[in-house]
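Participant: Top line first, the protein sequences correspond to chains C and U. Each step along the first sequence adds one to the number in this note's numbering, with nothing skipped, and position 155 is 157. Each step along the second sequence adds one to the number in this note's numbering, with nothing skipped, and position 31 is 33.
2 protein chains.
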Amino acid sequence: MIVAMTQSSGAELALLLLGGFHTMVDEVHVELAKRGHEGVRPAHEFALRAVDAGADTASELGRRLSVTKQAAAQTIAALEEFGYVNREPDPGDARRKRVRVTPRGRELMTIGSALFDDVRNRWAVRIGPEQLGTLEAHLARLTERRSFTAEDLQD
Amino acid sequence: MIVAMTQSSGAELALLLLGGFHTMVDEVHVELAKRGHEGVRPAHEFALRAVDAGADTASELGRRLSVTKQAAAQTIAALEEFGYVNREPDPGDARRKRVRVTPRGRELMTIGSALFDDVRNRWAVRIGPEQLGTLEAHLARLTERRSFTAEDLQD
DNA sequence: GCCGATAGACAAGTAACTTGTCGAACCGTA
DNA sequence: TACGGTTCGACAAGTTACTTGTCTATCGGC
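1. Going along chain U in order, which residues have a C-beta closer than 9 Å to the C-beta of C/Asp-58?
2. By how many angstroms is the C-alpha of C/Gly-38 removed from the C-alpha of C/Glu-14?
3. Could you check whether C/Gly-12 and U/Phe-118 sit closer than 8 Å to each other, using their CB atoms as the reference points?
4. Closer than 8 Å is the cut-off here; do at least three beta carbon pairs connect the stretch 111-130 of chain C with the stretch 89-102 of chain C?
5. Per the contact definition of three or more C-beta pairs closer than 8 Å, is the stretch 53-69 of chain U in contact with the stretch 14-27 of chain U?
6. Name the residues in the stretch 97-110 of chain C whose C-beta lies less than 9 Å from a C-beta of chain U; which are they?
7. Determine the chain U residues that contact C/Gly-38 at a beta-carbon separation under 8 Å, and present them in chain order.
8. Given that a residue counts as buried once 16 or more other Cβ atoms are within 10 Å of its Cβ, and exposed if not, what is U/Val-27?
9. Please list, in chain order, all residues of the same chain as U/Glu-153 whose beta carbon is under 6 Å from its beta carbon, the five residues on each side excluded.
10. Below 8 Å, how does it come out for the stretch 72-87 of chain C and the stretch 38-52 of chain C: are there three or more Cβ pairs, yes or no?
11. So the candidates are C/Ser-68, C/Lys-36, C/Arg-100; which of them puts its Cα closest to the Cα of C/Ala-79?
12. Compute the distance between the beta-carbons of U/Gly-21 and C/Thr-145, then report whether it is under 8 Å.
13. Quick one: measure Cβ to Cβ for U/Gly-107 and U/Leu-50, integer angstroms, because I've assumed they're closer than 8 Å.
14. By DSSP, does U/Glu-90 sit in helix, in strand, or in coil?
15. Output the distance between the C-alpha atoms of U/Glu-29 and U/Arg-122, rounded to the nearest integer angstrom.
16. Using beta-carbon positions only, say whether U/His-140 and C/Leu-137 come within less than 8 Å of one another.
17. For C/Arg-89, collect the residues of the same chain with a Cβ closer than 8 Å to its Cβ; drop the 5 residues on either side in sequence, then sort them by chain order.
18. Please list, in chain order, the chain U residues whose beta carbon lies closer than 8 Å to that of C/Leu-34.
19. How many angstroms separate the CA atom of U/Leu-110 from the CA atom of U/Glu-47?
20. Could you tell me the distance, in whole angstroms, from the CA atom of C/Ala-35 to the CA atom of U/Ser-10?
21. Measuring alpha carbon to alpha carbon, tell me which of C/Ala-55, C/Gln-72, C/Arg-128 ends up nearest U/Arg-143.
22. C/Thr-70 to C/Ala-52, Cα distance in whole Å?
23. Can you tell me which of the three DSSP states U/Ala-55 falls into?
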């Protein structure tokens, strides 16, 4: 995506960041398809990780991914259709449906992690592991705590 | 957008890159709306820059942005509707319609560049200008020439 | 003067969201 | 224990930024 001239170093930086993301994700996505996970979309992978990390209801997943609960519910429905998660009623709260990662979902996460780490390792070889570590540390600092607004409290 | 645990440093890196992009774009987008460019979507800004940089037909714009010519034509139609570009027949080739950036389009680019540069400058203050330069240089290396495939030749 | 390549138009489909609305369930308080 | 506000998930429709597929008009080399 995007190789344009920009005449703005700020806009160029934005494109570099997006390009970096796409470079990683495209490669992982292609390789996942070859290994028996054809239908899966990049967004599904990240959502599945969030579910596994504890976002086991649609509302909670929405909050973690900063999307509406409806969007999260749609993602969960897709993951369920592909057999990556299943849903069961929460015994302690009849409103909730608890989302659990299935063995097949766990397999996707394992392969996905390996593929992402693979790309990262090749990057480490190209610019040096300590340089990559510094890059990550800087990015983490620059993106943390993206200032709350009133909108973040809705829904 | 996304604060999930991942248990994979590769996947975390991908999220950092996407988060960085979003952090920049969201801020610019909000500020643009305040300054009289309400309808504009983030993608439009980058497309407009590509047009200005010489991608003055739908097909060419598609190639530069790595999307289909149809997608590029839709983007151009949106830009035209908002008054950021206009189209006129190419005198030398009756198939082509030449896309030109209007004064209002140029204003958008100017403001957009300033806002992006503003974010970048604040980042430079936070981690140091030379560190940011290194980060950009590394990203540029890691994303350059994302290996051609047969698909790139179609359409 | 044909023929393959290219430009753009039109149509329909898709992914990943959004807003808005709703009923059911939960929970603190009066 | 009844109420009132909050939260949960479901359903419906709309939006953005794409895609694939098909079509006609035009161009350029031989």
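Cβ coordinates follow ideal geometry from the N, Cα and C atoms, glycine included.
Facilitator: Per the coordinate set shown:
1. Result: empty, since nearest Cβ-Cβ is about 13 Å, beyond 9 Å.
2. 36 Å
3. yes
4. no
5. no
6. none
7. Within chain U, no residue comes near C/Gly-38; the closest Cβ sits about 19 Å away, beyond 8 Å.
8. buried
9. Below a pLDDT of 50, predicted positions are generally treated as unreliable, and U/Glu-153, at 44, falls in that range; the measurement from the model is reported next regardless. There are no such residues.
10. yes
11. C/Arg-100
12. yes
13. 6 Å
14. strand
15. 11 Å
16. yes
17. Ile-78, Glu-82, Lys-99, Arg-100, Val-101, Arg-102
18. Residues of chain U passing the Cβ test: none, with the nearest at roughly 12 Å.
19. 8 Å
20. 19 Å
21. C/Arg-128
22. 15 Å
23. coil
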